[in-house]
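Visitor: The structure that follows is given in the form of structure tokens.
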Amino acid sequence: MTKVLELHGITKRFGTLTANDDVTLTLAEGEILALLGENGAGKTTLMNILFGHYAADAGTVRVFGEELPPGLPRAAIEVGVGMVHQHFTLAGNLTVLENVMLGSEHLTRARSARGEAREKLLQIAERFGLPVNPEAKVRSLSVGERQRVEILKALYRDARILILDEPTAVLARPEAMRLFETLRDMTKEGLSLIFISHKLHEVMAASDRVAVLRGGKMVAERKTSETNPGELAELMVGRKVERPVRHDHKIGAPVLIANNVRVEEDGELRLDDVSFTVHTGEILGIVGVSGNGQASLGGLLSGLVHPSAGRLTLLDEEISHLGPRGMIRAGAGRVPEDRHAEGVVGELSLWENAVLERLRTPEFSRRGFVRQRAARDYTSGLIKRFDIRGASPDTRTRLLSGGNMQKLILGRVLTNGPCFVLANQPTRGLDEGAIAAVHVELLAARAEGAAILLISEELEEAVALSDRIQAIVKGRLSEPISADEADPQRLGLMMAGVWKEDDSEA
Amino acid sequence: MIVRLERRTHVPLHLVVIAPLAAIFTALLLAAGLIAAAGVNPLMAYGEMLTGAFGSRLSITEMLTRATPLIFTGLAAAVAFRARLWNIGGEGQFFVGALITAWIGHSLGVLGWIGIPLLMLAGMAAGAALLAGPAFLRLRFGVDEVVTTLLLNFIVILFVGLMIEGPMRDPLAFGWPSSVPVDGDFRLPDLIPRTRLHIGLLIAIAAAGAVWLILARTVFGAETRAAGLNASAAAFAGISLPRTIMGVALLSGALAGLAGSVEVMGVTAGVTTTMSPGFGYAGIVVAMLAALHPAGVVAAAVFVATVFVGADAMSRATGVPSFIADVIVALCLLTMIVALLFTTYRVRR
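Going down the list, the protein sequences come from chains G and C.
With the first letter of the first sequence counted as 1, position 367 gets the number 367 in full-length UniProt numbering; the numbers rise by one all the way through.
With the first letter of the second sequence counted as 1, position 38 gets the number 38 in full-length UniProt numbering; the numbers rise by one all the way through.
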């Protein structure tokens with residue numbers, strides 16, 4: 001096999017941080033290489049060097065045997081390397097064809113070459129098995145279809161090497177599996193692929209070879225057929241990390257009850273006749289593909305969104321109308337979906353964020369003044385108890401890693417003794433060690449009798465933590481099933497909208 | 001080769017101090033071009049400026065007299081901007097504060113010095129009321145407060161003109177358009193005899209201390225900072241954004257109103273439409289140069305006052321129009337915005 005891409009001895013430092021340390025990586029023609037590593041392992045830096053966004057301090061990049069000049073963003077694209085970003089770079093109000101043409105049209109030509117472009121696009125779509133309607137507005141496409149457009153965009157620019165950054169982050173499992181089949185077919189057409197991931201099962205399912213980055217260094221390369229998820233996890237994290245196991249225990253009385261709740265936002269129906277019950281000492285998992293109403297459900301239970309019909313009760317008190325402060329007072333702890341946007345004020349210190357929800361309680365204020373010493377002491381306690389690393393109470397919160405930031409938010413919520421906890425995507429974007437820590441805390445809260453609603457897009461997580469699981473599809477909830485009955489296939493069907501009671505959705 | 005801006009993990013203290021100085025230096029450098037174009041040696045012109053503001057005991061007190069309202073309006077802008085309430089209406093709030101002070105201060109002449117704090121409260125209330133309207137419109141209907149507060153300035157100044165030509169006209173001013181003066185009991189005592197410098201300067205410095213205390217130590221201040229830095233996280237944590245914004249509006253408007261009140265009682269006695277060389281607008285520059293910090297506001301107000309007073313002297317000595325002061329102050333705003341970018345970000349290739 002010929003080598004189509006060679007990164008040799010790449011080193012890149014940012015100040016004192018070495019993001020890439022003598023990394024060597026090759027890609028053979030027609031191969032699917034998985035680049036595996038935790039957040040901050042240096043995957044993105046490496047790809048940025050390949051694409052000339054950064055100039056490496058040392059090392060060379062060769063594509064099809066030719067050395068690329070460092071720091072020239074167009075160089076890699078011109079020789080046929082394409083990138084499909086995790087966050088799509090598409091204009092929703094333009095058609096598929098227009099999006100594909102954007103940026104590759106001739107500047108000097110007066111009329112746009114729509115006809116030719118359309119022809120070329122359809123030809124590529126046909127050849128690589130990526131069916132698409134060129135005239136459809138991107139806004140009307142599903143997430144999976146949008147990703148297809150992103151891939152087509154790269155292929156339209158004659159990419160022969162394709163790099164996909166966390167391609168399945170936004171896909172449901174069946175869609176992800178379909179994507180992997182498509183990718184496999186594409187390699188038969190002579191394409192070579194690198195896909196970046198931190199999900200082990202995907203790497204196992206889709207790649208020929210795995211390269212593992214850790215702390216900026218290439219720590220291992222394995223043929224996928226000769227390794228296993230356990231070995232890869234250990235290589236990726238550098239030590240054995242085991243997620244905690246849920247032990248069966250007795251579930252108590254109902255705590256939070258939603259009865260036929262309907263939520264409309266901006267004139268659109270977001271939650272349709274939703275009912276569920278969370279009991280003392282229970283974790284209820286809500287699984288689903290992103291964008292099916294999870295955000296509204298999270299908003300509803302945070303006090304940011306109010307139902308237009310139905311009732312929400314917490315320990316028999318109606319809480320439908322309560323705002324965030326009312327929810328906190330009623331005993332609800334809330335872990336928001338987006339740590340940076342809603343969880344913390346990054347520019348404030350740890351201690352200010354730690355007491356933000358309870359600034360007006362006598363514990364942290366007196367006569368309108370903040371009791372700073374009490375707040376700092378409390379935060380020191382959180383840092384110890386929740387193992388928040390590399391920070392003091394006066395550290396700016398935005399300097400925390402994602403995992404430590406999440407521990408701060410969890411600590412703030414759990415030390416308040418909540419009877420109900422909303423955990424909305426609590427481990428999104430976290431690395432293995434931090435995920436395990438979050439799981440431990442959630443299970444501990446469950447053991448202490450909290451009723452927990454877990455919204456997650458990670459099936460493994462939902463199955464591992466939840467006592468019962470419901471799927472959310474287009475704003476509607478399936479009937480709950482117990483975790484013991486939850487096999488991936490059944491959950492996959494539920495997430496696609498197929499459940500026993502209501503087959504008409506399928 | 002692309003240039004990237006990279007967020008600094010922390011902003012070192014020396015940069016916080018250097019940034020406004022570098023901004024001022026750059027602004028003076030740019031303005032030097034204009035001064036040279038007017039046919040005057042810029043170094044000489046700036047020399048005249050310094051002498052005009054610091055050359056004598058009298059010029060220093062004049063400069064500090066000018067700095068006093070700027071401290072108030074600078075604080076008003078700083079407080080509002082902290083909460084991302086864009087109060088551009090300091091000028092209007094200054095004038096309503098001044099007008100109400102002259103009006104009440106002229107007709108209630110029996111209280112003695114006790115009236116002084118009462119008149120200050122009246123000025124504060126008037127300023128606060130004037131900003132409460134735009135704040136309400138923004139909270140209720142999403143009306144951009146930049147537009148409403150800015151346009152209110154013109155309405156207020158025209159209204160002041162109406163009042164001082166009509167109902168509040170001073171009959172003793174021989175047709176000079178001025179309002180009736182406040183009663184002698186309500187004139188602020190001089191800080192230094194036989195100068196115009198009055199105890200308003202001390203009140204302004206005390207106000208800076210109070211604003212610092214409010215922002216740094218109180219629950220309201222913490223909520224204000226949280227709401228300004230990340231409104232959705234603040235709302236998620238149960239902080240009421242409308243209440244916080246309205247509280248900030250009242251405080252900001254009150255500070256600008258107090259500027260007008262103190263200026264009337266300390267300097268002008270009556271209201272004229274020319275009593276402010278743009279104190280409200282210059283307050284925005286003061287706040288930005290201070291990076292919205294109350295202590296910095298005092299220092300920045302002294303600088304802007306130096307430019308204002310010094311430019312007059314420079315104009316007399318060299319013939320460069322004194323409008324150069326407005327140019328310098330405006331340039332400072334622009335250069336400071338650039339300087340702030342460089343303090344929060346590091347440039348990387």
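C-beta atoms are modelled at their ideal positions from N, C-alpha and C, and glycine is treated no differently.
Can you confirm whether THR218 of chain C, when its beta carbon is compared against all beta carbons of chain G, has any partner nearer than 8 angstroms?
Guide: It does; some Cβ of chain G falls within 8 angstroms.
Visitor: Assuming THR335 of chain C contacts THR26 of chain C under a Cβ cut-off of 8 angstroms, what Cβ separation, rounded to an integer in Å, is found between them?
Guide: At roughly 4 angstroms, the Cβ-Cβ gap stays under 8 angstroms, so THR335 of chain C and THR26 of chain C are in contact.
Visitor: What is the rounded straight-line gap between the Cα of LYS223 of chain G and the Cα of ASP208 of chain G?
Guide: Roughly 6 angstroms between the two C-alpha positions.
Visitor: State yes or no: is the C-beta of LEU454 of chain G within less than 8 angstroms of the C-beta of LEU443 of chain G?
Guide: Not a contact, by the Cβ cut-off of 8 angstroms.
Visitor: Could you tell me whether any Cβ in chain G is nearer than 8 angstroms to the Cβ of PHE236 of chain C?
Guide: Yes, PHE236 of chain C counts as interfacial toward chain G.
Visitor: With H, G and I counted as helix, E and B as strand and the rest as coil, what does DSSP make of ALA289 of chain G?
Guide: Note on identity: in this sequence residue 289 of chain G is Val, with Ala being the wrong assignment. The answer is coil: DSSP assigns VAL289 of chain G none of H, G, I, E or B.
Visitor: In chain order, what residues of the same chain lie with their CB nearer than 8 angstroms to the CB of VAL182 of chain C, ignoring the 5 residues before and after it?
Guide: THR101, ALA102, GLY105, HIS106, LEU119, VAL264, MET265, ALA269, GLY270, listed in sequence order.
Visitor: Mark GLN470 of chain G as exposed unless 16 or more other C-beta atoms lie within 10 angstroms of its C-beta, in which case mark it buried.
Guide: Its Cβ being crowded by 16 or more others within 10 Å, GLN470 of chain G is buried.
Visitor: State whether the stretch 29-43 of chain G contacts the stretch 194-201 of chain G, with contact taken as three or more CB pairs (one from each stretch) at a distance under 8 angstroms.
Guide: With the cut-off at 8 angstroms, the stretch 29-43 of chain G and the stretch 194-201 of chain G touch.
Visitor: Can you give me the C-alpha to C-alpha distance between ASP21 of chain G and GLU6 of chain G, rounded to a whole angstrom?
Guide: Going by the C-alpha atoms only, they are around 16 angstroms apart.
Visitor: Starting from PHE236 of chain C and walking both ways along the alpha helix (DSSP H), at which residues does that stretch end?
Guide: Here the alpha helix (DSSP H) through PHE236 of chain C covers 231-236.
Visitor: Helix, strand or coil for THR95 of chain G, going by three-state DSSP, please let me know.
Guide: DSSP places THR95 of chain G in strand when its eight states are reduced to three.
Visitor: Please report the residue range of the beta strand (DSSP E) in which ASN259 of chain G lies.
Guide: Looking at the DSSP string, the run of the beta strand (DSSP E) that includes ASN259 of chain G is 254-265.
Visitor: Measure from the C-beta of ILE409 of chain G to each C-beta in chain C and report whether the shortest distance is under 8 angstroms.
Guide: No, its Cβ sits nowhere closer than 8 angstroms to a Cβ of chain C.
Visitor: Skipping 5 residues on each side, what residues in its chain have a beta carbon closer than 7 angstroms to that of ALA311 of chain C?
Guide: Here the set comprises MET49, SER322, ILE324, ALA325.
Visitor: Taking the alpha-carbon of LEU350 of chain G as reference, which of G:GLY368, G:GLY411, G:GLY293 has the nearest alpha-carbon?
Guide: With distances taken between Cα atoms, LEU350 of chain G lies closest to G:GLY411.
Visitor: Could you tell me which residues DSSP pairs with ALA210 of chain C in its beta bridges?
Guide: Paired residue(s): none; ALA210 of chain C is not in a bridge.
Visitor: Candidates G:GLN372, G:LEU422, G:GLY285, G:PHE369: which alpha carbon is nearest GLY331 of chain G's?
Guide: The option with the nearest alpha carbon to GLY331 of chain G is G:LEU422.
Visitor: Classify TYR345 of chain C as helix, strand or coil using the three-state DSSP reduction.
Guide: DSSP places TYR345 of chain C in strand when its eight states are reduced to three.
Visitor: Could you work out which residues of chain B lie near ALA226 of chain C, taking near to mean beta carbons separated by less than 8 angstroms?
Guide: The question asks about chain B, but that chain is absent: this structure's protein chains are G and C.
Visitor: Are ILE239 of chain C and VAL298 of chain C close, meaning C-beta to C-beta below 8 angstroms?
Guide: No, the Cβ-Cβ distance between ILE239 of chain C and VAL298 of chain C is not below 8 angstroms.
Visitor: Nearest chain C C-beta to ALA341 of chain G closer than 8 angstroms, yes or no?
Guide: Yes - at least one Cβ of chain C is within 8 angstroms of the one on ALA341 of chain G.
Visitor: Have a look at PHE342 of chain C and LEU17 of chain G and give me their C-alpha separation to the nearest angstrom.
Guide: Distance between the alpha carbons of PHE342 of chain C and LEU17 of chain G: 21 angstroms.
Visitor: Which whole-angstrom value describes the C-beta separation of GLY303 of chain G and PRO324 of chain G, a residue pair presumed to lie in contact below a C-beta threshold of 8 angstroms?
Guide: Indeed, because the Cβ distance is near 4 angstroms, the residues count as touching under 8 angstroms.
Visitor: With a threshold of 8 angstroms, are at least 3 pairs of Cβ atoms found where one atom belongs to the stretch 308-325 of chain G and the other to the stretch 280-293 of chain G?
Guide: Contact fails: fewer than three Cβ-Cβ distances are below 8 angstroms.
Visitor: What do you reckon, are the CB atoms on THR182 of chain G and LEU122 of chain G nearer than 8 angstroms?
Guide: No, Cβ-Cβ distance for THR182 of chain G and LEU122 of chain G is not below 8 angstroms.
Visitor: What is the DSSP secondary structure of GLU505 of chain G, counted as helix, strand or coil?
Guide: Legend: pLDDT at GLU505 of chain G = 43, less than 50; position of this residue unreliable, value from coordinates given subsequently. Helix.
Visitor: Just to confirm the assignment, what range does the beta strand (DSSP E) spanning GLY402 of chain G have?
Guide: Element bounds for GLY402 of chain G: not the beta strand (DSSP E) but the alpha helix (DSSP H), 402-414.
Visitor: In whole angstroms, what is the alpha-carbon distance linking VAL138 of chain G and MET83 of chain G?
Guide: Roughly 19 angstroms between the two C-alpha positions.
Visitor: Can you tell me where the alpha helix (DSSP H) with LYS384 of chain G in it begins and where it stops?
Guide: Looking at the DSSP string, the run of the alpha helix (DSSP H) that includes LYS384 of chain G is 372-385.
Visitor: When we look at the beta-carbon of ILE88 of chain C and count the other beta-carbons within 10 Å, is it buried (16 or more) or exposed?
Guide: It is buried - the Cβ of ILE88 of chain C has at least 16 other Cβ atoms within 10 Å.
Visitor: Around the Cβ of GLY37 of chain G, are there at least 16 other Cβ atoms within 10 angstroms (buried) or fewer (exposed)?
Guide: GLY37 of chain G is buried by the Cβ-count criterion.
Visitor: Listed from N- to C-terminal order along the chain, which residues in the stretch 356-378 of chain G have their beta-carbon within a distance smaller than 7 angstroms of any beta-carbon of chain C?
Guide: Answer in chain order: LEU356, GLU357, LEU359, ARG360, SER365, GLY368, PHE369, VAL370.
Visitor: With 7 angstroms as the limit, tell me which residues of the stretch 132-160 of chain C have their beta carbon closer than that to any beta carbon of chain G; keep them in chain order.
Guide: From the stretch 132-160 of chain C, no residue has a Cβ closer than 7 angstroms to chain G.
Visitor: Pick helix, strand or coil for SER104 of chain G, following the three-state DSSP scheme.
Guide: Residue state, collapsed to three classes: coil.
Visitor: Kindly list, in the order they appear in chain C, the residues whose Cβ is closer than 7 angstroms to that of ARG243 of chain G.
Guide: Those do not exist, as ARG243 of chain G stays about 28 angstroms from chain C at its closest Cβ, beyond 7 angstroms.
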